[in-house]
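Be aware that the sequence shown starts at 754, since it is given in this note's numbering, and climbs by one per residue.
Note that the Cβ used here is the ideal one computed from N, Cα and C, for glycine as well.
So the structure is just underneath, and the comments pick up after that.
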Amino acid sequence: MFKDFKNKRYWILMPPFLLISIILAIYLPPKLKPFAILSVIVFWIVYYTWNYFSKKRADEN
């Protein structure tokens, strides 16, 4: 369960994406506020893609 929280990639990516989400949630007009959740989706896409490529590269070596 806590394996993800020990991952450096998670902690590298999480603060900027969290900050972007909060800023978008505050400053977007009311009609566009649901788009702030897209930053969370992009975070997980980037995180899992980065993990995939790093594991793939480790397997090649």
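Taking 8 Å as the threshold (C-beta atoms), are residue j and residue i in contact?
i    : j    : result
R762 : Y800 : yes
Inter-stretch contact at 8 Å, needing at least 3 Cβ pairs: the stretch 768 to 776 / the stretch 786 to 800: yes
Note down, one range per segment and in chain order, each alpha helix (DSSP H) of at least 4 residues found wholly within the stretch 755 to 783. 761 to 780
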